[in-house]
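*Asks:* There's a structure below that I have some questions on.
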Amino acid sequence: MPSPRRPTYTSTGRRPGNPGTRSGPDADTSHDVISASRPAPEPAPQPAPKARKAPFAGLGKGGPEKDAPKKGALRKGAPDQEHAGGAPQASGSAGNVVAFPEPKGKRRKKNILVAAAILVAVVAGLLAVAVFSPALAVRTISVSGTHLLTPAQVETALEPLRGKPLPQVTDEEVGRLLEPLVQVKSVSAEARPPSGLAVAVRERVPVALVKQGEQYQLVDVEGIQLASTADPASVSLPVIDGGAGTIGKDLFRATAEVLGALPPDVLAKLSNASAQSVDAVELKLVDGQTIIWGNASEKELKAKVLAALLKAPVDPKNPVKVYDVSVPRHPVTR
């Protein structure tokens, strides 16, 4: 579209009225130059940019107008996003941040975890004090359940436990210390704070006497020699025929198993035991009566039947000389 403005003309020669200038038809116009210039078009007015609202504007205490950032103000530490063309970021001011309360369930769970951690730490500390504290060291040892041994023998064997904290003493350790005492079959220990240790001993049970030279050895069902005596009458146990040479053999084991199944009151009435074979075990009572036992099968039932027969009334005119319990469900007396 052509511009509505007309060009302006400017003469570069001498202007009329100035000294030394010529006018009229005789004037020299060879030095007059006419120049034309066109002014640059003015830029079209641009519409003013719309103001952008700050995120969360109007949520502060002062309302939308007070909380909105001032025009031209730049946020500290952030570039001018209005001029850079980037997306506006949330302001770091307190008025532009919404704080949500922590859920009650999460807060309660956190409190429970903290309390549990404190409790575990306290318990661990108490346990450490109990396990390693010298205030709970063993000073006195009491022994019970001994018949073949004396309490002093057991206390002497347990001497290494003195001064050791009670929580560190175990049944296994007590058992290892008493292993040299063959009479001990099992043992249990009980702590009695602040410094006492109670030891209950279960000894092996002797079931017979085995002659060995001038002495008689007390043996259990396994043939372990528990003690010795020179007077067999002082011990209410039967004597196994064959002497010490039979210990550990099949006949000895069969006889010892039979004796181990008898109740103490019946065992005290026996004088000796013998076996021709593992299926022909015989016992002798102090009154001279014979008990035919047979093999070691059903030994608990045979022991009960024999105990009942021995308690039955006796006819003085027909005394019983033989008790046959080899077939316990059909015992025979004659």
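The sequence shown maps to residues 32 to 365 in the working numbering. Backbone N, C-alpha and C fix where the C-beta goes; we use that ideal spot for every residue, glycine too. Every value quoted in this text rests on a predicted model; they were computed, and no experiment measured them.
(1) Looking at the unbroken alpha helix (DSSP H) that takes in Q184, where does it start and where does it end?
(2) Drop a sphere of 10 angstroms on the beta-carbon of L189, count the other beta-carbons inside from all chains shown, and report buried for 16 or more, exposed for fewer.
(3) Our contact map puts L282 next to V309 with C-beta atoms below 8 Å; I'd like the distance itself, whole angstroms only.
(4) Roughly how far, in whole angstroms, is the beta-carbon of I278 from the beta-carbon of V236, given that I think they are within contact range, below 8 Å?
(5) Identify, in the order they occur along the chain, each residue of the same chain with its Cβ nearer than 8 Å to the Cβ of L316, setting aside the five sequence neighbours on each side.
(6) At which residues does the beta strand (DSSP E) containing T171 begin and terminate?
(7) Inspect the beta-carbon positions of T226 and R170 and report whether they are closer than 8 Å.
(8) Buried or exposed: where does A359 fall if 16 or more other Cβ atoms within 10 Å of its Cβ makes it buried?
(9) Comparing alpha-carbon positions, which option in S357, V266, A327 lies nearest L298?
(10) On the premise that L179 lies in contact with E253, defined as a C-beta separation below 8 Å, what is that separation, rounded to the nearest angstrom?
(11) At what residues does the beta strand (DSSP E) containing R407 begin and finish?
(12) Taking DSSP as the reference, what is the three-state secondary structure of V241?
(13) Quick check for students: name the residue ranges of the beta strand (DSSP E) that lie wholly in the region 311-351, counting only runs of 3 or more.
(14) If you reduce the DSSP assignment to three classes, tell me which class V297 lands in.
(15) Is it the case that the Cβ atoms of V200 and A168 are separated by a distance below 8 Å?
(16) Could you check the C-alpha separation between P134 and L228 for me, to the nearest Å?
(17) Please state the DSSP three-state secondary structure of D355.
(18) Distance, Cα to Cα, G194 vs A166?
(19) Going straight from the alpha carbon of L341 to that of K352, what length do you get?
(20) Between V213 and I255, is the Cβ-Cβ spacing less than 8 Å?
(21) In angstroms, rounded to a whole number, what distance separates the CA positions of E203 and P182?
(22) Grab the span of the beta strand (DSSP E) containing V250 for me, first residue to last.
(23) Just how far apart, CA to CA, sit A7 and K137?
(24) Near V205, what residues of its chain come up, given a Cβ to Cβ distance below 7 Å and the 5 sequence neighbours on each side ignored?
(25) Do A292 and A338 have their C-beta atoms closer together than 8 Å?
(26) Would DSSP call Q199 helix, strand or coil?
(27) Is the beta carbon of V312 less than 8 Å from the beta carbon of A275?
(28) Going by alpha carbons, who is nearest to A304 out of D296, V336, D318, L268?
(29) Can you tell me which of L209, L332, P198 puts its alpha carbon nearest to the alpha carbon of P224?
(30) How about V185 and L209: are their beta carbons less than 8 Å apart?
(31) By a C-beta neighbour count over all protein chains shown, 10 Å radius and 16 as the cutoff for buried, is G325 buried or exposed?
(32) In three-state DSSP terms, what is E288?
(33) I need the straight-line Cα distance from A152 to P196, nearest angstrom please.
(34) From the DSSP output, which residues share a beta bridge with R235?
(35) On a Cα-Cα basis, can you pick out the residue from L192, S328, R365 that is closest to V289?
(36) Which residues in the same chain have their Cβ closer than 7 Å to the Cβ of S357, if we skip the five residues on either side of it in sequence?
*Replies:* In brief:
(1) 182-188
(2) buried
(3) 7 Å
(4) Contact doesn't hold; Cβ gap of about 16 Å is too wide.
(5) K300, L301, S302, I322
(6) 171-175
(7) It is worth fixing the name first, because residue 226 is Ser in this sequence and not Thr. Result yes, Cβ atoms of S226 and R170 sit closer than 8 Å.
(8) Before going on, a small fix: residue 359 reads as Pro here, not Ala. Buried is the call here.
(9) V266
(10) 15 Å between Cβ atoms; not a contact.
(11) Only positions 32 to 365 of the chain appear in this structure, which leaves residue 407 out of reach.
(12) strand
(13) 312-316, 321-325
(14) helix
(15) no
(16) 54 Å
(17) strand
(18) 10 Å
(19) 11 Å
(20) yes
(21) 19 Å
(22) 246-250
(23) There is simply no residue 7 to check, as the chain begins at 32 and stops at 365 in what is shown.
(24) L189, V218, A220, V230
(25) no
(26) helix
(27) no
(28) L268
(29) P198
(30) yes
(31) buried
(32) helix
(33) 22 Å
(34) R235 pairs with nothing; no bridge assigned.
(35) S328
(36) I323, W324, G325
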